[in-house]
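Just below is one structure, and these are the notes that go with it.
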Amino acid sequence: MKKTPDADFLIFDLGNVIIDIDYNRPLSLLRQQLPEERHYLVDEFYYTDFHKSYEKGQINSAIFRDEVRAYFEKNWSDEEVDKLWNSLLGKIPAERLKLVHEVKKHFQVGVLSNTNLIHILAVNDILSQDHGVANFDPIFDWVFLSHEMGLAKPDAAIYERMLTDLRTAPERVVFFDDLKENVEGAAALGIQAVHVTGPEVIFDYLKYV
């Protein structure tokens, strides 16, 4: 593996960059449990204030679950809410972790993800069961999670905080994300931002075989 990017830091989003996710799976499951006249609530779920607040750690998991129950007018248990919410999570392919291990020989590597405590606990379970590690700390040099930072992409503040913690200039960072708005938010600050449109993108960009 040769050091191809002109940078010091490689920062990866989690969803559809490190871990496979399906944004539509929980929405489909929700629609199955709601009458058709209430499906509009499903379509607007990701844009609700309580969802955004939870990603920024401004409300805790108990309040989030209560908000979900109230929003959909369903008396789901905590476990049912978590199962629905975590249904978007898929596998963490071993080849992606191997790629991170390889590029870590030449760069500092990190994660910058919009997430929440319910999701990250489930992700840690996947890491433990499939890869024998308890969390991302042994894999990455830096772990930036929105709910711990009180900030979320694509707001400039989260990228600025990351750069401050890294003690580096934006042009020394390559950032990989699957959402166009997050890529544009990072690029606006001068970060080398790469839109991950498929599973091959990070491998092609880093010339990994």
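Per the numbering used here, the very first residue in the sequence shown carries number 2; after that it's consecutive. Cβ coordinates follow ideal geometry from the N, Cα and C atoms, glycine included. Remember, it's a predicted structure, so these values are computed and weren't measured experimentally.
A contact is defined here as three or more CB-CB pairs under 8 Å, and the stretch 72-81 fails this definition with respect to the stretch 115-129. By the criterion of a C-beta distance shorter than 7 Å, residue 62 is surrounded in its chain by 118, 119, once the five residues flanking it on both sides are discounted.
By alpha-carbon distance to residue 138, the top candidate from 157, 102, 171, 155 is 102.
When only Cα atoms are considered, residue 199 and residue 206 end up about 12 Å apart. A direct Cα-to-Cα measurement between residue 150 and residue 175 gives close to 20 Å. Exclusion of the five residues before and after residue 68 leaves 51 as the residues of its chain whose Cβ lies within less than 6 Å of its Cβ. The residue among 39, 10, 22, 11 with its C-alpha nearest the C-alpha of residue 123 is 22. Cβ-Cβ separation between residue 197 and residue 179: approximately 5 Å, consistent with a contact (criterion under 8 Å). For residue 153, the CB contacts under 8 Å within the same chain, skipping 5 residues up- and downstream, are 53, 56, 57, 115, 147, 159 in chain order. In this structure, the alpha-carbon of residue 17 lies about 30 Å from that of residue 36.
Burial state of residue 83 is buried, judged by a 10 Å Cβ sphere holding 16 or more other Cβ atoms. If you draw a 10 Å sphere on the C-beta of residue 65, you find 16 or more other C-beta atoms in it, and that means buried.
Remark: C-beta atoms of residue 145 and residue 166 approach each other more closely than 9 Å.
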